[in-house]
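Under the UniProt record's numbering, the sequence shown has 59 at position 59, and the numbering climbs by one with no breaks.
Where is the CB? At the ideal position from N, CA and C, for every residue including glycine.
This one's a predicted model, so the numbers in the text were calculated from it and none came from an experiment.
As structure tokens, the structure follows; a few thoughts come after it.
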Amino acid sequence: IKSFFGYSVHPMWQEPLAIPGGERQSPIDISVRKSMFDPQLKPLVMKYDPRTCQQIWNNGYSFLVEYDDTTDKSIHSNLLSLEEQVMR
Numbered sequence: 001i002k003s004f005f006g007y008s009v010h011p012m013w014q015e016p017l018a019i020p021g022g023e024r025q026s027p028i029d030i031s032v033r034k035s036m037f038d039p040q041l042k043p044l045v046m047k048y049d050p051r052t053c054q055q056i057w058n059n060g061y062s063f064l065v066e067y068d069d070t071t072d073k074s075i076h077s078n079l080l081s082l083e084e085q086v087m088r
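What follows is the structure, given as structure tokens:
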């Protein structure tokens with residue numbers, strides 16, 4: 001596990017300092033030129049049960065919460081809207 005600026009970095013992120021810049025961003029290749037603002041989208045609300053939380057990763061500009069979701073599904077609303085927006 002790497003550590004940058006006092007924050008633990010998820011093992012999947014090989015080069016965390018390079019992620020925010022460049023043409024390809026991880027984990028999704030976002031095309032800024034093709035992106036469109038949809039004023040009808042509601043804020044993404046993320047909830048998780050702290051009792052199922054296994055790890056919280058924070059590298060200073062993003063975060064990842066790993067949790068046991070065998071019985072709890074933490075994202076309850078706007079999932080289809082988010083997927084539709086990402087796939088456009």
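Same chain, Cβ closer than 6 Å to residue i, neighbours up to 5 away in sequence not counted
| i | result |
| --- | --- |
| Asp69 | none |
Own chain partners of residue i with C-beta closer than 7 Å, once the 5 adjacent residues on each side are dropped
| i | result |
| --- | --- |
| Ile56 | Phe63, Val65 |
Under the three-state DSSP convention, the category residue i falls into
| i | result |
| --- | --- |
| Val32 | helix |
| Arg88 | Per-residue confidence for Arg88 stands at a pLDDT of 44, beneath the threshold of 50, marking its modelled position as unreliable; the derived number appears in the next sentence. Three-state DSSP puts Arg88 in coil, outside helix and strand. |
Cβ shell of residue i (< 8 Å), same chain only, five flanking positions each side left out
| i | result |
| --- | --- |
| Gln54 | Glu66, Tyr67, Asp68 |
| Ile30 | none |
Buried/exposed call for residue i, threshold 16 Cβ in 10 Å
| i | result |
| --- | --- |
| Pro16 | With a pLDDT of only 47 at Pro16, under 50, the local geometry of the prediction cannot be trusted, and the value read off the model is given with reservation. Pro16 comes out buried. |
Min CB distance residue i to chain B below 8 Å
| i | result |
| --- | --- |
| Leu64 | Chain labels in this structure do not include chain B; a single protein chain is all it has. |
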